[in-house]
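In my numbering, the protein residues as written are 28 to 698.
Okay, so here's the structure we're looking at.
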């Protein structure tokens with residue numbers, strides 16, 4: 028007990044961290060078995076550990092600080108994953124669908140809340156809160172169910188992108204709704220000027236400063252320095268925006284946007300994600316600490332009624348918004364069943380509302396209960412969304428409505444024309460990687476390249492190669508190249524330890540791709556195979572195998588025997604080549620046929636064989652040679668009849684003994 032007290036005195040937050048993480052581990056283990064999202068687990072953890080629960084956490088202020096860091100990192104990562112180019116490619120789904128959904132939700136919620144007797148500014152703020160859905164929960168579930176790239180999945184993603192962006196202006200308008208400014212127009216003007224200044228700084232920084240800085244940092248190949256520079260960028264930009272009177276969250280988002288325009292965004296995302304997850308867990312725990320479970324019990328029926336109202340209103344608005352961009356009723360219903368819930372950003376915005384007295388404690392408890400309930404039922408509804416949508420469409424409706432619901436086409440929206448699937452992932456762009464990419468390009472095999480040399484990435488990206496900077500042992504980098512949909516992944520780097528980390532990272536994400544690894548030495552084979560590589564090619568002996576198999580091929584050894592030979596050599600770890608005294612197994616001692624297969628060109632325009640039919644020339648009887656095919660101009664004649672003639676310019680494919688072929692060659696070719 029004295030040790031526990033001493034630890035609490037030296038590090039006051041330490042005991043609370045142990046309690047939060049320990050309790051969260053138990054709760055999330057239980058929730059994972061029930062297939063409930065981890066966010067709900069953190070909220071539930073906070074409710075148990077908070078003042079309305081068992082009062083296990085004392086340093087609530089310190090937890091708040093940690094949660095703020097989590098929010099900053101969350102917005103920073105969203106900014107890094109945000110792409111202006113990708114936004115323009117899905118502008119219809121994002122801007123029309125997203126703006127309709129957010130705008131209509133704010134409008135309808137404002138009217139409903141105002142009719143319940145709330146002031147107009149509070150009613151508008153409620154519109155802000157209910158307009159947002161849970162990006163974290165929905166996208167994670169769509170990925171688990173493999174539905175991200177379906178039409179409803181992509182439409183859902185488009186609307187969520189708009190919501191993620193709109194949170195920034197909503198947070199900026201919140202103080203104005205609270206009456207923090209006497210002159211709204213003047214405040215909007217100041218806000219516009221500040222926004223213009225921030226945008227200018229963002230553009231200049233993203234185009235000229237950060238890319239050069241990160242280029243020099245990555246050249247050092249120091250992961251510690253890279254991580255430090257990324258975190259510095261995040262908090263420095265957030266600090267600058269706070270000095271201008273704007274939110275830290277806006278600064279973090281802009282910092283992420285600056286990084287996203289460089290070649291290092293995905294590598295940076297992978298580095299930041301673990302920190303974001305840790306600090307963000309404190310945010311959800313801190314929100315859960317404000318939730319009163321007793322309040323939920325005492326007002327259960329009212330809360331259930333409001334939750335049902337939230338579900339119905341958001342469902343109808345989302346369906347209308349999706350229909351407006353040309354989607355069918357089925358797709359509209361499926362999207363509506365995906366984003367009916369109140370999201371994590373709404374919880375962030377609600378805390379701002381508490382700070383500015385737009386929400387009183389009782390109203391906040393109602394909102395928190397509705398949010399948690401809608402989040403909790405999301406996995407169950409989303410999993411069955413297609414079945415429920417089809418069930419609605421199959422209801423016995425009036426004939427007029429039934430015709431409208433059932434007989435409409437479903438236009439396809441293109442959100443990502445460069446979606447990678449069944450592709451090749453090349454890791455390392457040295458000589459082997461370059462040759463492999465050339466072969467893939469020639470064979471029209473889709474491929475993507477991961478490289479850690481910033482200079483190579485800079486040059487090759489300008490040349491049009493699908494190359495990105497990043498450590499392939501990083502989950503975020505692998506997910507960016509859709510590793511789970513790749514058919515083959517080739518690791519062509521010279522670092523054996525890095526190779527092992529990459530194999531482990533790929534197999535941690537997916538078992539799908541066939542992993543081929545290039546190593547220098549034979550001794551590295553076993554470890555790579557144990558980690559999940561399907562094929563390991565040691566350079567020191569594969570060259571010998573390749574040469575010898577080509578020799579066997581020229582001696583007309585059957586292909587099956589050649590394959591058996593190479594399999595035998597590889598299965599014995601190249602023992603044949605390592606020990607010259609080792610002999611090949613007897614079943615590979617084939618009898619080499621005393622025949623050859625050649626292609627000869629008819630260069631004579633006259634003679635005993637030229638322009639005469641096969642019956643007349645009697646090539647087989649005279650020379651002992653069989654003609655198996657003739658190539659004439661662009662046509663190959665594979666069925667040789669007795670009436671076929673040899674003509675000037677023909678390429679003749681013949682089989683026979685070497686001496687017979689020599690005599691035949693003398694008759695048709697010029698020495």
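Beta carbons: idealized from backbone N, C-alpha and C, even for Gly.
Bridge partners of residue 565, per DSSP?
-> Paired residues: 546.
How would you call residue 161, buried or exposed, if buried means at least 16 neighbouring beta carbons within 10 angstroms?
-> It is buried - the Cβ of residue 161 has at least 16 other Cβ atoms within 10 Å.
Could you pull out every residue in the same chain whose Cβ sits closer than 6 Å to the Cβ of residue 194, ignoring the five residues on either side in sequence?
-> Within the same chain, residue 194 has close Cβ partners 372.
Own chain partners of residue 606 with C-beta closer than 7 Å, once the 5 adjacent residues on each side are dropped | Low confidence applies here, because residue 606 scores a pLDDT of 49, under 50, leaving its location unreliable; read the following figure in that light. Within the same chain, residue 606 has no close Cβ partners at all.
Confirm, please, whether the CB-CB distance from residue 279 to residue 127 is below 8 Å.
-> No, Cβ-Cβ distance for residue 127 and residue 279 is not below 8 Å.
Would you mind giving the Cβ-Cβ distance between residue 5 and residue 559, rounded to the nearest angstrom? I have them listed as a contact below 8 Å.
-> The structure shown does not extend to residue 5, since the chain is modelled only from 28 to 698, so the question has no answer here.
Coil, strand or helix - residue 350 by DSSP = Residue state, collapsed to three classes: helix.
Residues bridged to residue 512 [DSSP beta-bridge criterion] = Answer is none; residue 512 lacks a bridge partner.
Helix, strand or coil at residue 180 according to DSSP, with G and I counted as helix = Helix at residue 180.
For residue 665 and residue 656, believed in contact at Cβ under 8 Å, the rounded distance | The Cβ separation is near 5 Å, so the contact holds.
Would residue 21 pass as a contact of residue 493 if the rule is Cβ separation under 8 Å?
-> With the chain covering only 28 through 698, there is no way to say anything about residue 21.
What does a CB cutoff of less than 6 Å around residue 188 pick up in its chain, not counting 5 residues either side in sequence?
-> Taken in chain order, the residues that qualify are 121.
Cutoff 7 Å; reference residue 625; Cβ partners in own chain excluding five residues on either side = 681 and 688, listed in sequence order.
Along the beta strand (DSSP E) that carries residue 659, what are the first and last residues, could you check?
-> Segment 653-659, the beta strand (DSSP E) holding residue 659.
In the DSSP assignment, what residue or residues form a beta bridge with residue 681?
-> Partner(s): 625 and 654.
Among residues of its own chain, excluding the 5 on either side of residue 71, which ones have a beta-carbon nearer than 6 Å to its beta-carbon?
-> 54, listed in sequence order.
Determine, using beta carbons only, whether residue 591 and residue 297 come nearer to each other than 8 Å.
-> Not closer than 8 Å, so no.
Mind checking whether residue 376 and residue 197 have CB atoms under 8 Å apart?
-> Against a cut-off of 8 Å, the Cβ pair of residue 197 and residue 376 comes out as a contact.
Run the CB neighbour count on residue 407, radius 10 Å, all protein chains shown included, and call it buried at 16 or more, exposed below.
-> Counting other Cβ atoms within 10 Å of its Cβ, residue 407 stays below 16 and is therefore classed as exposed.
What span of residues does the alpha helix (DSSP H) with residue 662 cover, start to end?
-> Note, residue 662: premise wrong, no alpha helix (DSSP H); beta strand (DSSP E) at 662-664.
State buried or exposed for residue 293, treating a residue as buried only when at least 16 other CB atoms are found within 10 Å of its CB.
-> Of the residues assessed, residue 293 falls on the buried side of the cut-off, its CB having 16 or more other CB atoms within 10 angstroms.
Rank 295, 352, 400 and 323 by C-alpha distance to the C-alpha of residue 334 and give the top, closest one.
-> Ranking 295, 352, 400 and 323 by Cα distance to residue 334 puts 400 first.
Since residue 631 and residue 637 are thought to touch, with beta carbons under 8 Å apart, how far apart are those beta carbons, to the nearest angstrom?
-> About 6 Å; that satisfies the 8 Å criterion.
Can you give me the Cβ contacts of residue 528 inside the same chain, cut-off strictly under 8 Å, excluding the 5 residues immediately before and after it?
-> Here the set comprises 500.
Taking three-plus beta-carbon pairs below 8 Å as touching, is the segment 314-323 in contact with the segment 79-99?
-> Here the segment 314-323 makes contact with the segment 79-99; the two share three or more CB pairs at distances below 8 Å.
Of the residues 523, 206 and 509, which one's Cα is nearest the Cα of residue 536?
-> When each option's Cα is compared against that of residue 536, the closest is 509.
For residue 492, the three-state DSSP class (helix, strand or coil) | Note: residue 492 maps to coil in three-state DSSP.
If you follow the beta strand (DSSP E) that residue 630 is part of, which residue opens it and which one closes it?
-> Per DSSP, residue 630 belongs to no beta strand (DSSP E) and is neither H nor E.
Measure the beta-carbon distance from residue 124 to residue 186 and round it to whole angstroms, keeping in mind my assumption that it falls under 8 Å.
-> Contact holds; Cβ gap of about 5 Å.
Collapsed DSSP secondary structure at residue 324 in the structure displayed | Three-state DSSP puts residue 324 in a helix.
Alpha carbon to alpha carbon, what distance is there between residue 332 and residue 264?
-> Residue 332 has its alpha-carbon roughly 43 Å from the corresponding atom of residue 264.
Report the option in 148, 250, 135 and 89 whose CA atom is closest to the CA atom of residue 386.
-> Of the candidates 148, 250, 135 and 89, the one whose C-alpha sits nearest the C-alpha of residue 386 is 148.
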